[in-house]
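Protein chains in written order, with my numbering: chain G, 1 to 284; chain E, 1001 to 1360.
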């Protein structure tokens, strides 16, 4: 009995770096989080979180409900300031930055509960994402200077181009709030892409989608990575999606990393199986 | 093709708004010159213009920025009294009336903008009810400041005090501009319907163009979802400040226009009731609906005049009309009825569009 418990608390050896596709090994990683942690009062939500993501890697972050996955996203995007640890984005320390600065530096995200600008059109939602790619001032906007027309035309074309990734250009004039659920999820990804990120964080992109929509989404995530040459970190409960497209997976439980590795390694990891399915009856 | 259609759709809606204002101006000019318009109604024309500008301005705060402001009359007040002081002190140096009015309106707007910057520091850190309470307090503070403000002018320039006109120790033959609780006195009426009309067009131009620009989209994005807007790199404080100050500047301009229509204006003209009145315009016209706000402002300013025959039941009737409008536009049955009318209109339009395509 005692031996078993000891075994349970012992950590699986954590590889120093997540799996980075071979072609990127010589480049610097896009994101390096080390010893990241946050406390809410006395509660430690995330502790000693280490993660390295390669420049064009698709990485997965999984774990049971309440494991702290979304908290990690909130730490990376500085919705919460971490209590401990450092986040390096393209080698730059993001210490003391806020959400806006981090976005300008290259992190964009989607949300678990969809957060769109419901009263704006689909196209305007994407144009809000393009906000920092445009530079004309309020006065040029109000006075309709040539700068306005030029940049708005480019933004319009760019927005339709981005929407066409998900074949949504026909919905451009619709109110975002009136879109069906799946389309709203896709629009969130398009909006995040519009802000020109180098790292895209997707919080449960396949939630509420049926199997055929999910497989379409998997193709699209790979397509996005290949076209934009960006890194993607995703939280997902759909194991087919995670095992199908992620090159590196990080498993979180009770705010701590319990395993890291390739999909095959994770699937075979007893610690992970235990976290998801519980211990075998005889072992307890 | 869709691009042209879209551009047409937004610009068409804006053109309708401009057209309504222009037609209303022409009609009121015709009516007043033909003598059909009653004297009391003619006297209301400039205040209507000022209230329309107020409705447009508050719509920017409430409808576009999505924050409830209960102290908008405060900015109107700042604009009004600054404008009056400017106009009176320029009486000798600028002889042309319209030019003096223009300068007064600009200075009034700028002053209201400066005040809004000061207020914005605490206000824009707050949200919802708390923001409403602070703006309400601001309106009251402005009113009380003007209550104890004494401004006069003599050959040495402007004198400002808070005790009494005598305490300003001005030379003989000095002009009193603001006399404490009495408010501004001795104003030369400079506001005209044309000035009001141009100011409405100006504020429409500013607000409608702002909405359809990068900054306007950012403001509306913050209204719809602040966290998501921040995640794509939009700074809440910058764009909220932009909307708030623009709104205050327009309110200040409306205030100057309003004040320059009377020979005396007291601070209590711009109290809480005025703020609520403007809010009623915005709510009744549809929050965020600029055109609706304009129409509501016109109707609700004329209504008390039209209801004069009900004498003492006037305000009661006014309230009943307000309640009826709310019920009629929100009731399920009334909604269905309106939808049916809209549906048949669309059908007619489709028919005519189809005909056009065949011809083309």
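In this text, a Cβ means the ideal position worked out from N, Cα and C, and glycines have one as well.
On a predicted model such as this, the values are computed, not experimentally measured, just so you know.
Should residue 1242/E be flagged as near chain G, meaning a C-beta pair shorter than 7 Å?
For the purposes of this step, residue 1242/E is identified with residue 242 of the second chain, where counting begins at 1. Taking Cβ atoms only, chain G reaches closer than 7 Å to residue 1242/E, which makes this a yes.
Taking 7 Å as the cut-off, decide whether the C-beta atoms of residue 176/G and residue 123/G are in contact.
Within the first chain, numbered from 1, the residue matching residue 176/G stands at position 176. Within the first chain, numbered from 1, the residue matching residue 123/G stands at position 123. No, the Cβ-Cβ distance between residue 176/G and residue 123/G is not below 7 Å.
Going by the DSSP bridge assignment, what does residue 1159/E pair with across the sheet?
The residue you call residue 1159/E lines up with position 159 of the second chain. Answer is 1152/E.
Would residue 1233/E pass as an interface residue toward chain G - the criterion being a Cβ-Cβ separation below 7 Å?
Locating residue 1233/E in the second chain gives position 233, counting from the first residue. True, the Cβ-Cβ gap to chain G drops below 7 Å.
Note down, one range per segment and in chain order, each alpha helix (DSSP H) of at least 4 residues found wholly within the segment 1235 to 1280 of chain E.
Annotation note: the segment 1235 to 1280 of chain E contains the following uninterrupted alpha helix (DSSP H) runs of length 4 or greater, listed N- to C-terminal: 1236 to 1259.
Tell me the rounded alpha-carbon separation between residue 1121/E and residue 55/G.
Taking the second chain and counting its residues from 1, the one referred to as residue 1121/E is at position 121. Taking the first chain and counting its residues from 1, the one referred to as residue 55/G is at position 55. So the alpha carbons of these two residues sit roughly 41 Å apart.
So residue 1069/E packs on residue 1267/E, CB below 8 Å; how close in whole Å?
Your numbering for residue 1069/E matches position 69 in the second chain. Your numbering for residue 1267/E matches position 267 in the second chain. Not really, about 19 Å apart at Cβ, beyond 8 Å.
My understanding is that residue 245/G touches residue 218/G, with C-beta atoms under 8 Å, so please give their C-beta distance in whole angstroms.
On the first chain, residue 245/G is found 245 positions in, with the first residue counted as 1. On the first chain, residue 218/G is found 218 positions in, with the first residue counted as 1. About 5 Å separates the Cβ atoms of residue 245/G and residue 218/G, confirming a contact at the 8 Å cut-off.
If you drop the 5 nearest sequence neighbours on each side, which residues of the same chain put their C-beta closer than 7 Å to that of residue 1125/E?
Along the second chain, read from residue 1 onward, the residue named residue 1125/E stands at position 125. In the same chain as residue 1125/E, and ignoring 5 residues on each side of it, no C-beta atom comes closer than 7 Å to its own.
To the nearest angstrom, how far is it from the Cα of residue 35/G to the Cα of residue 260/G?
Taking the first residue of the first chain as position 1, residue 35/G is located at position 35. Taking the first residue of the first chain as position 1, residue 260/G is located at position 260. In this structure, the straight-line span from the alpha carbon of residue 35/G to that of residue 260/G is close to 15 Å.
What did DSSP end up calling residue 250/G once you bin it into helix, strand or coil?
Counting from one through the first chain, the residue named residue 250/G turns up at place 250. Annotated three-state conformation of residue 250/G is strand, per DSSP.
Taking DSSP as the reference, what is the three-state secondary structure of residue 191/G?
Working through the first chain from its first residue, we reach residue 191/G at position 191. Residue 191/G: helix per DSSP, three-state reduction.
Per DSSP, cross-strand counterpart(s) of residue 32/G
For the purposes of this step, residue 32/G is identified with residue 32 of the first chain, where counting begins at 1. Bridge partners of residue 32/G: 52/G, 88/G.
Could you check whether the Cβ of residue 119/G sits closer than 7 Å to any Cβ belonging to chain E?
Within the first chain, numbered from 1, the residue matching residue 119/G stands at position 119. At least one chain E Cβ lies under 7 Å of residue 119/G.
Bounding residues of the beta strand (DSSP E) (the contiguous stretch that carries residue 1317/E)
Taking the first residue of the second chain as 1, we reach residue 1317/E at position 317. Not the beta strand (DSSP E): residue 1317/E falls in the alpha helix (DSSP H), residues 1314 to 1330.
Given a cut-off of 7 Å on the beta-carbon distance, is the pair residue 83/G and residue 39/G in contact?
Residue 83/G sits at position 83 when you count from the first residue of the first chain. Residue 39/G sits at position 39 when you count from the first residue of the first chain. Yes, they are a contact pair.
Return the first residue and the last residue of the beta strand (DSSP E) that residue 200/G is part of.
Working through the first chain from its first residue, we reach residue 200/G at position 200. Here the beta strand (DSSP E) through residue 200/G covers 199 to 203.
Against residue 134/G, what residues of chain E qualify as contacts under a CB-to-CB distance less than 8 Å, listed in chain order?
Numbered from 1 along the first chain, position 134 holds the residue referred to as residue 134/G. For the C-beta of residue 134/G, the chain E residues within less than 8 Å are, from N- to C-terminus, 1214.
Return the bridge partner residues of residue 59/G from the DSSP annotation.
The residue you call residue 59/G lines up with position 59 of the first chain. The partner list for residue 59/G (beta bridge, DSSP) reads 233/G, 248/G.
So, is residue 250/G buried or exposed, given that buried needs 16 or more other C-beta atoms within 10 angstroms?
What you label residue 250/G is simply residue 250 of the first chain in a count that begins at 1. Around the beta carbon of residue 250/G, 16 or more other beta carbons lie within 10 angstroms, which makes this residue buried.
According to DSSP, is residue 290/G helix, strand or coil?
Chain G is shown only over 1 to 284; residue 290/G falls outside these bounds and no answer can be derived.
Host beta strand (DSSP E) of residue 260/G (start-end)
To locate residue 260/G, count along the first chain from 1; it is residue 260. 256 to 261 is the span of the beta strand (DSSP E), which, as asked, contains residue 260/G.
First and last residue of the uninterrupted alpha helix (DSSP H) at residue 109/G:
Counting from one through the first chain, the residue named residue 109/G turns up at place 109. In the DSSP assignment, residue 109/G falls outside any alpha helix (DSSP H) and within the unbroken beta strand (DSSP E) covering 107 to 109.
If you draw a straight line from the C-alpha of residue 314/G to the C-alpha of residue 188/G, how long is it?
The structure shown has nothing for residue 314/G, since chain G only spans 1 to 284.
Within 7 Å of any Cβ in chain G, is that where the Cβ of residue 1206/E sits?
Here residue 1206/E refers to the residue found at position 206 of the second chain. For residue 1206/E, the answer is yes, since a Cβ of chain G falls inside 7 Å of its Cβ.
Just to confirm, are residue 199/G and residue 85/G a CB contact at a threshold of 7 Å?
For this step, residue 199/G is matched to residue 199 along the first chain. For this step, residue 85/G is matched to residue 85 along the first chain. No; because the gap between Cβ atoms is not below 7 Å, this pair is not in contact.
Residues of its chain near residue 1230/E, where Cβ-Cβ distance is below 6 Å and the 5 sequence neighbours each way are ignored
Taking the second chain and counting its residues from 1, one reaches residue 1230/E at position 230. The beta carbon of residue 1230/E sits closer than 6 Å to no other beta carbon from its chain once the five residues preceding and following it are set aside.
Rank 158/G, 114/G, 170/G by C-alpha distance to the C-alpha of residue 134/G and give the top, closest one.
As a position in the first chain, residue 134/G is number 134, starting the count at 1. Selected option, being the one with the closest Cα: 158/G.
Option nearest residue 1086/E by Cα separation, candidates 1142/E, 1155/E, 1177/E
As a working mapping, residue 1086/E is identified with position 86 in the second chain. Of the candidates 1142/E, 1155/E, 1177/E, the one whose C-alpha sits nearest the C-alpha of residue 1086/E is 1177/E.
What does DSSP give as the partner residue(s) for residue 1175/E in the beta ladder?
As a position in the second chain, residue 1175/E is number 175, starting the count at 1. 1153/E.
Answer yes or no: do residue 160/G and residue 169/G have a C-beta to C-beta separation smaller than 7 Å?
Position 160 of the first chain, counted from the first residue, corresponds to residue 160/G. Position 169 of the first chain, counted from the first residue, corresponds to residue 169/G. By the CB criterion at 7 Å, residue 160/G and residue 169/G fall inside the cutoff.
At the level of alpha carbons, what is the spacing between residue 1170/E and residue 1153/E?
Working through the second chain from its first residue, we reach residue 1170/E at position 170. Working through the second chain from its first residue, we reach residue 1153/E at position 153. If I take the Cα positions, the gap works out to 8 Å.
Roughly how many angstroms lie between the CA atoms of residue 1132/E and residue 1071/E, to the nearest whole one?
Indexing the second chain from 1 puts residue 1132/E at position 132. Indexing the second chain from 1 puts residue 1071/E at position 71. Looking at the two C-alpha atoms, the distance is approximately 8 Å.
With burial defined as no fewer than 16 other Cβ atoms inside 10 Å of the residue's Cβ, what is the status of residue 1116/E: buried or exposed?
In the second chain, counting from the first residue as 1, residue 1116/E sits at position 116. Flag for residue 1116/E reads buried.
State buried or exposed for residue 115/G, treating a residue as buried only when at least 16 other CB atoms are found within 10 Å of its CB.
Taking the first residue of the first chain as 1, we reach residue 115/G at position 115. By the neighbour-count rule (16 or more Cβ atoms within 10 Å), residue 115/G is buried.
Just to confirm my understanding: we take residue 118/G, look at its own chain, exclude 5 residues before and 5 after, and list those with CB closer than 6 Å. What are they?
On the first chain, residue 118/G is found 118 positions in, with the first residue counted as 1. Closer than 6 Å at Cβ, skipping near neighbours: 176, 177.
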